[in-house]
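Counting from 1, position 227 in the sequence shown corresponds to residue 479 in our numbering; the numbering is continuous, with no gaps.
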Amino acid sequence: MITLQLESLDDFFAQVEARIKGVRHFRSGKIDDYGNVVGVHEYEAGSVPFEHQDHFYDEDDRVVRLDRYEREFSKPTRRFYFYEGNNPKVLESVWFDRYGKIDNIHRYLYDGRTGLMIERAEYSRDGGLHYRILSTYDDPNLPQPQLIEEKWLDRLGNLIKRYEYERNSSGDLVVERSFGKADVLIGTYRFRYHADGALSDKEWLAADDDELRSAFRYKYDGEGRLAETILEDAGGKIECRQLLTHDEIGNVVEERWLDAAGQVVKQLRF
253 MITLQLESLD DFFAQVEARI KGVRHFRSGK IDDYGNVVGV HEYEAGSVPF
303 EHQDHFYDED DRVVRLDRYE REFSKPTRRF YFYEGNNPKV LESVWFDRYG
353 KIDNIHRYLY DGRTGLMIER AEYSRDGGLH YRILSTYDDP NLPQPQLIEE
403 KWLDRLGNLI KRYEYERNSS GDLVVERSFG KADVLIGTYR FRYHADGALS
453 DKEWLAADDD ELRSAFRYKY DGEGRLAETI LEDAGGKIEC RQLLTHDEIG
503 NVVEERWLDA AGQVVKQLRF
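Right, here's the structure in full:
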């Protein structure tokens, strides 16, 4: 592992900082199926809310450091990304908690022909394997192969859980089936989206009869920001709601949780 080859964390930080050539700000980020660290919804300088991600780039335009800010905490968590030569695919990432200690380490493997990520694994700070995730795609020869299955295995190779995925023509996830240790279906999530691509509904279907058991409904404000999350039971009765209030640049300044009767049971201000 790259991490274990370094003599100290000071060497580790110095090595990464020396490679940073620029920074951009995003609402969120992810590693795609080809191992590229990509940002989602970029913010302009001067209009960055507190809850965001800072992506730091090297001279090859690869993310080498990512700071992740959450509204509940004053300090960010931090991730560092390592590559082989000039290859844009991330080979290893090291995740630090908000107190500057190594939380865990991730390694990534790719198919030599298609370049698709076929395995990612999490290790402890000392290099001990926690679990592996194996990825399967529908047809790797298509222009845009779709991820259709993920298997989570423990350090001995035993199944922890498994997910099956279905997507629409736009690539949005529409069905997620969840299986347990015995590879028995636990239940199914069904997703729906607004015309602009924002998630509108997330429904949980029971494994035994494929009937609706509960659902989350999502509403957004005029700027496309999440404003309300509603939890409903199988009959459509509201069980609870979460309301979010934003300031002019998108910071969440208030969270309220309401019970089935509409009474406030919890309130946070930021």
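Beta carbons: idealized from backbone N, C-alpha and C, even for Gly.
Every value quoted in this text rests on a predicted model; they were computed, and no experiment measured them.
In summary, glycine 423 is exposed, with fewer than 16 beta-carbon neighbours lying within 10 Å of its beta-carbon over all protein chains present.
As a beta-bridge residue in DSSP terms, phenylalanine 334 pairs with Glu344. In this model, aspartate 435 and isoleucine 412 are separated by some 9 angstroms (Cα to Cα). When the alpha-carbon of glutamine 494 is set against those of Asp263, Val275, Glu506, the nearest one is in Glu506. Residues of the same chain with a CB within less than 6 angstroms of the CB of arginine 508, apart from the 5 flanking positions on each side, are Leu495, Val516, Gln519 in chain order. A direct Cα-to-Cα measurement between arginine 314 and serine 345 gives close to 13 angstroms. If the five residues before and after glutamate 416 are omitted, its C-beta is found closer than 6 angstroms to the C-beta atoms of Glu401, Arg429, all from its own chain and listed in chain order. By the Cβ rule, the segment 263-275 does not count as touching the segment 296-305, because fewer than three pairs are nearer than 8 angstroms.
A distance below 6 angstroms between beta-carbons, with the five flanking residues on each side excluded, links lysine 327 to the following residues of its chain, in chain order: Arg350.
Counting the other Cβ atoms within 10 Å of the Cβ of valine 275 gives fewer than 16, which makes it exposed.
Non-local C-beta neighbours of histidine 293 in its own chain, meaning closer than 8 angstroms and more than five positions away in sequence, comprise Phe278, Arg279, Ser280, ordered along the chain. Where leucine 261 is concerned, the enclosing alpha helix (DSSP H) starts and stops at 261-269. For valine 290, the number of other beta carbons within 10 angstroms of its own is below 16, and it is reported as exposed. Looking from the CA of valine 316, the closest CA among Phe325, Glu322, Phe334 belongs to Phe334. Annotated three-state conformation of glutamate 480 is strand, per DSSP.
By the CB criterion at 9 angstroms, tyrosine 286 and tyrosine 362 fall inside the cutoff. Here histidine 358 is bridged, per DSSP, to Ser345, Glu374. Here the alpha carbons of lysine 403 and glycine 449 stand approximately 27 angstroms from one another.
Along the segment 421-491, the beta strand (DSSP E) occurs as fully enclosed runs of 3 or more residues at 425-431, 437-445, 451-458, 464-472, 478-485, listed in sequence order.
Judged by DSSP in its simplified three-state form, serine 326 adopts coil rather than helix or strand. The Cβ atoms of tyrosine 375 and methionine 369 lie no closer than 9 angstroms to each other. Nearest neighbour of tryptophan 456 by Cα position, chosen from His446, Phe468, Tyr445, turns out to be Phe468. Taking C-beta atoms as the reference points, leucine 343 and phenylalanine 332 fail to come closer than 9 angstroms.
Looking only at Leu408, Glu296, Thr366, the smallest Cα-Cα distance to threonine 388 is reached by Thr366. By the 16-neighbour rule on beta-carbons within 10 angstroms, arginine 372 is buried. Looking at the DSSP output, isoleucine 385 shares a beta bridge with Arg372, Trp404.
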